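Take a look at the structure set out below.
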Ligand SMILES: NC(=O)c1ccc[n+]([C@@H]2O[C@H](COP(=O)([O-])OP(=O)(O)OC[C@H]3O[C@@H](n4cnc5c(N)ncnc54)[C@H](O)[C@@H]3O)[C@@H](O)[C@H]2O)c1
Ligand SMILES: [Zn+2]
Ligand SMILES: [Zn+2]
């Protein structure tokens, strides 16, 4: 029996979202229907609404979620009804050239559900990041479901489905942060603070949080920042160099997604250091840098898709750290809200009042 549920849809660019009736088909081969319990509001949902990620409207928003599997389609062996799962937006294929080379976190052929979810009139929806989880039930590829310990509440666990995983992974997986490193994080929203917390977990000894908002800097301290810089008042490149003995940080993580903050990251790292771009730019943005500086400063300029995570490896491990009290997922939950409150959550995000608003169903 197909399902009729309520979900949050962006019908057109920049307009308020609407709560719509949505048809979710029974899972086909390789698919699963999941009862969503909680879904965080990520800046990427706002990018979708503002037209920054293509014009595939109407979008079914939400993609940072945990819930319980309701039904699975033919041939699904890894998850079963009743399993508690975090949804991931990079279900690796195991067969593309990246997977075959043993680097599945770069998978070039990640899986989503084959069937569409639709509005009442049959209009197919584009689910955000192939998930769409501001909805009572969603349809995904079974590989997008990662089983974790149900002792972790969905409000916390769901955050690993996007922003917090992206931030922690940007530090640990992409940036390779390790004991004794100096790390700077530019942009301390949910993703940036997760990078701060990841650097702290990995043993970095100098962790510099940079933001234009003092509230964000206060929260960053709670996640392990040893220094803070308000870049509205202070040149962040100078400040980061000063804090690191004139050198720059070993790893600088850009978690805003803008050319000017990328440039700051580029010049705030030490010679042979690493820049990690985890913030997502929009299509019109371009970057100009002296090529001699790109060469002369050496090191690595990397981007981080989803924190270069492997959900099957990283989600259960991070949930274990959470249950042991070593990973503060609850600290990212600024408020819990209902499906009808997503527009207001975007407004709060723009005003810098929240790290994560989490929709609870
Ligand atoms: N790479 C990935 O896989 C991935 C995953 C999730 C989100 N993202 C992206 O990461 C970025 C951050 O997401 P978020 O959910 O943390 O957003 P957010 O809105 O919660 O945080 C953005 C932060 O950047 C700060 N900021 C804005 N302009 C700044 C500037 N000029 N200098 C310093 N700080 C500035 C804001 O004050 C805010 O604290 C977004 O671009 C989002 O799309 C990427
Ligand atoms: Zn692959
Ligand atoms: Zn996201």
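Residue numbers (this note's numbering): 113 to 473.
Built from N, CA and C at the ideal position, the CB exists for glycine as well.
Just so we're clear, the structure is a prediction, and the values are computed from it rather than from any experiment.
Please list, in chain order, all residues of the same chain as residue i whose beta carbon is under 8 Å from its beta carbon, the five residues on each side excluded.
i: residue 108; result: For the chain, the structure presents residues 113 to 473; residue 108 sits outside this window and is missing.
i: residue 274; result: 152, 154, 156, 175, 176, 201, 241, 418
i: residue 231; result: 121, 132, 133, 134, 135, 170, 237
Among the residues of its own chain, which have a CB less than 6 Å from the CB of residue i, if the five just before and after it don't count?
i: residue 220; result: 208, 210
i: residue 281; result: 419, 420, 421
i: residue 291; result: 315
i: residue 458; result: 158
i: residue 414; result: 286, 388
i: residue 337; result: 308, 319, 321
i: residue 411; result: 384, 385, 386
Do the CB positions of residue i and residue j come within less than 8 Å of each other?
i: residue 187; j: residue 228; result: no
i: residue 199; j: residue 257; result: yes
i: residue 191; j: residue 204; result: no
i: residue 250; j: residue 243; result: yes
i: residue 311; j: residue 276; result: no
i: residue 161; j: residue 129; result: yes
i: residue 364; j: residue 391; result: no
i: residue 169; j: residue 122; result: yes
i: residue 435; j: residue 131; result: no
i: residue 127; j: residue 196; result: no
i: residue 471; j: residue 454; result: yes
i: residue 184; j: residue 254; result: yes
i: residue 403; j: residue 371; result: no
i: residue 172; j: residue 239; result: yes
i: residue 394; j: residue 179; result: no
i: residue 271; j: residue 427; result: no
i: residue 356; j: residue 294; result: yes
i: residue 269; j: residue 148; result: no
Between which two residues does the beta strand (DSSP E) carrying residue i extend?
i: residue 135; result: 130 to 136
i: residue 382; result: 381 to 389
i: residue 351; result: No beta strand (DSSP E) holds residue 351; the alpha helix (DSSP H) holding it covers 348 to 355.
i: residue 159; result: It is not in any beta strand (DSSP E) - residue 159 instead sits in the alpha helix (DSSP H) that spans 155 to 161.
i: residue 399; result: That residue, residue 399, is in no beta strand (DSSP E); it is neither H nor E in DSSP.
i: residue 365; result: 361 to 366
i: residue 415; result: 412 to 415
i: residue 118; result: 115 to 122
i: residue 343; result: Run containing residue 343: none; DSSP gives neither H nor E here.
Quick one: is residue i buried, meaning 16 or more other Cβ sit within 10 Å of its Cβ, or exposed?
i: residue 318; result: buried
i: residue 469; result: buried
i: residue 328; result: buried
i: residue 380; result: buried
i: residue 189; result: exposed
i: residue 114; result: exposed
i: residue 116; result: exposed
i: residue 247; result: buried
i: residue 378; result: buried
i: residue 406; result: exposed
i: residue 448; result: exposed
i: residue 343; result: buried
i: residue 264; result: buried
i: residue 429; result: exposed
Between which two residues does the alpha helix (DSSP H) containing residue i stretch?
i: residue 403; result: 403 to 408
i: residue 334; result: 326 to 334
i: residue 420; result: Residue 420 -> no alpha helix (DSSP H), and no H or E assigned at all.
Who are the near neighbours of residue i in its chain, counting only those whose CB is closer than 7 Å to its CB and skipping five residues on each side?
i: residue 359; result: 353, 382
i: residue 440; result: 309, 335
i: residue 409; result: 383
i: residue 446; result: 466, 467, 468, 469
Starting from the N-terminal side, write out each stretch of the beta strand (DSSP E) that is 3 residues or longer and does not extend beyond the region 428 to 465.
-> 445 to 449
Runs of beta strand (DSSP E) lying entirely within the region 177 to 241, each at least 3 residues, in chain order = 196 to 199
Note down, one range per segment and in chain order, each alpha helix (DSSP H) of at least 4 residues found wholly within the region 247 to 315.
-> As far as the region 247 to 315 is concerned, its whole alpha helix (DSSP H) runs of at least 4 residues are 266 to 269, 275 to 281, 302 to 314.
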